[in-house]
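Take a look at the structure below.
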Amino acid sequence: MDTPGGKRVEATDPGDRISGLPDELLHHVISFLSARDAVRTCILSPRWRHLWRFAPRLNVDAEGFASQIRFMEFVNALLLSRGSIALESFWLRANGPDIFLENFRDTAYLWIRHALRSNIEELGIVEHDQNDNEDESEFFQLVRFPFTSSYLEKLHLCYVEIDNHAIKKLFSVCPALEDLEMINCEIYATEFSSTTLKNLTINYVHFPNFYDYGIQECIVINMPSLVSLHIRTLRGWSELSLVDVQSLITASIHLENGTFTGACSILGALSNLKKVGLLLPDDVLLDSYDSKYLDLSCSAVAADSATPFSCEKLRKVEIVCPNGNKTVGVLVTILLTKLMPPPEISIKPFSGFSWYVSVLLQFIMGENPKVLFFICCGLPYRADNSRRRT
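Residue numbers (full-length UniProt numbering): 1 to 390.
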């Protein structure tokens with residue numbers, strides 16, 4: 001039997017139909033395995049001896065390695081064996097016990113450079129997560145982002161430390177970058193400007209607390225090509241400023257600090273969206289365990305001082321809150337007096353978390369273009385200090 005590329009496949013056991021598949025298909029199948037398991041396929045039969053070397057995706061995971069040295073030796077041998085064979089995707093995960101990428105950062109940099117020279121389109125870097133001993137864990141540092149690629153389109157970072165210089169260089173030396181995801185990262189940057197990025201996800205990220213230095217900084221997002229924006233649980237930040245996000249179609253923003261009037265300025269920047277979900281618990285930090293309620297910092301003064309803004313496509317606002325919540329009146333006043341044109345407003349009682357989640361999912365997934373702004377206020381708080389990972 002001949003493969004599409006003209007290579008003849010060796011005769012195999014009639015019961016082994018998988019080995020008779022074309023090389024390209026087997027390379028694709030092997031790509032779904034961890035790099036270690038992919039290499040192990042070489043013992044299946046002579047037909048499989050070298051197939052793993054041509055897998056278009058590499059998932060290098062430290063899980064299962066007894067020591068850091070063994071893991072490093074394996075990855076070095078793996079990349080040397082592959083040589084200059086092209087790659088589509090490269091994931092580097094430090095999931096093994098006591099294995100931290102930061103402990104051998106220079107070697108990890110070499111691996112990442114090798115992958116980028118192989119013209120990868122997707123790169124994932126996941127540092128070790130040590131929930132029970134956080135004082136001992138270190139973030140993998142990309143403080144200078146010593147990488148350049150004209151092919152990289154997707155970048156996923158988890159437990160990574162990155163600074164302003166690195167963020168700026170990232171967008172300048174990776175001109176094809178369209179997707180950026182940062183989960184549980186330490187980010188010493190205040191400005192995110194890119195003309196090419198289309199999807200941005202920032203989740204459980206820690207920004208430095210600029211108030212500690214007597215400085216009030218805004219986290220600025222200036223991305224005219226951005227289509228999807230998802231922000232949740234930004235810790236230590238001051239304000240969020242959306243400068244040019246004219247192409248946005250989908251946005252979900254979870255604000256833990258700031259007031260509702262501050263959130264209104266964000267809504268004004270999202271005036272072209274058809275659907276917006278905005279969660280507004282005020283002044284409750286991720287590490288605050290004693291809070292029983294998340295309430296908006298709204299007052300009559302805030303309603304009077306809120307700056308009017310235009311949101312022409314906004315037709316309907318839904319407010320979900322417990323019965324008797326005093327915040328609702330202020331919210332309605334702000335919305336009716338400051339939104340241009342004033343929207344239709346409906347108020348729904350909070351009926352438990354399962355109901356709330358179902359309503360929120362219907363809002364996010366639904367196709368009704370009239371339900372555009374979903375506000376939740378004064379809802380019982382369930383503290384969750386677990387750190388998320390990819």
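All C-beta atoms in this analysis are idealised placements derived from N, C-alpha and C, irrespective of residue type, glycine included. No experiment lies behind these values; they were computed from the predicted model shown.
Between residue i and residue j, what straight-line distance do the alpha-carbon atoms span, to the nearest angstrom?
i	j	result
Gln141	Cys218	23 Å
Gly20	Arg49	14 Å
Ile231	Asn203	6 Å
Val227	Ile162	24 Å
Phe90	Ile345	48 Å
Thr41	Ser241	50 Å
Ser194	Glu239	20 Å
Leu229	Arg53	37 Å
residue 391	Leu157	Any property of residue 391 remains undetermined from this structure, which presents the chain solely from 1 to 390.
Leu79	Lys198	31 Å
Val75	Val60	7 Å
Glu181	Glu153	12 Å
Ser34	Val332	53 Å
Leu286	Ile183	Unreliable positioning characterises Leu286 in this predicted model, as indicated by a pLDDT of 25, which lies under 50. The coordinate reading is nonetheless provided below. When rounded, the distance between both Cα atoms is 15 Å.
Ile18	Lys348	56 Å
Asp23	Ala189	45 Å
Ala108	Val126	12 Å
Ile167	Ile120	19 Å
Gln246	Arg113	34 Å
Ser45	Trp111	29 Å
Leu58	Gly96	17 Å
Thr196	Ile43	44 Å
Arg82	Ser118	10 Å
His254	Arg36	38 Å
His28	Arg47	16 Å
Ser172	Ser225	15 Å
Ile187	Ile334	33 Å
Val220	Leu51	46 Å
Ile319	Ser252	16 Å
Asp244	Phe192	11 Å
Asn164	Asp16	54 Å
According to DSSP, simplified to helix, strand and coil, what is residue i?
i	result
Arg117	helix
Pro349	strand
Met223	coil
Asn76	helix
Thr190	coil
Ile183	strand
Leu58	strand
Ile85	coil
Asn199	strand
Val328	helix
Gly96	coil
Thr148	coil
Ala38	helix
Leu335	helix
His50	coil
Tyr204	strand
Leu229	strand
His28	helix
Val143	coil
Ile112	helix
Ile125	strand
Arg105	helix
For residue i, count neighbouring Cβ atoms within 10 angstroms of its own Cβ and tell me buried if that reaches 16, exposed if not.
i	result
Leu25	exposed
Arg93	buried
Ser84	exposed
Phe139	buried
Gly329	exposed
Asn368	Low per-residue confidence applies at Asn368: pLDDT is 41, beneath 50, and the placement is therefore not dependable, though the value from the model is reported in the following sentence. Exposed, because fewer than 16 other Cβ atoms sit within 10 Å of the Cβ of Asn368.
Gly124	buried
Val143	exposed
Gly69	Looking at the sequence shown, residue 69 is not Gly but Ile. Exposed, since its Cβ has fewer than 16 Cβ neighbours within 10 Å.
His128	buried
Phe147	buried
Ile30	buried
Ala77	exposed
Ile249	exposed
Phe32	exposed
Leu336	exposed
Going by Cα to Cα distance, which pick from the options is closest to residue i?
i	options	result
Val160	Leu78, Ser34 and Leu101	Leu101
Asp106	Met72, Arg82 and Glu121	Met72
Asp179	Leu170, Asp244, Pro342 and Ile187	Leu170
Asp98	Ser118, Glu121 and Gly64	Gly64
Asn222	Ala269, Ile319, Leu336 and Ile253	Ala269
Tyr151	His28, Ser172, Ser252 and Glu122	Glu122
Using 8 Å for Cβ pairs, my map puts residue i next to residue j. What's the rounded Cβ distance?
i	j	result
Leu200	Leu177	Contact flag wrong, Cβ pair sits at about 11 Å.
Leu87	Ala66	With 8 Å as the limit, Leu87 and Ala66 do not qualify as a contact, their Cβ atoms being about 27 Å apart.
Ala38	Ala55	6 Å
Ser149	Cys174	5 Å
Val317	Pro343	5 Å
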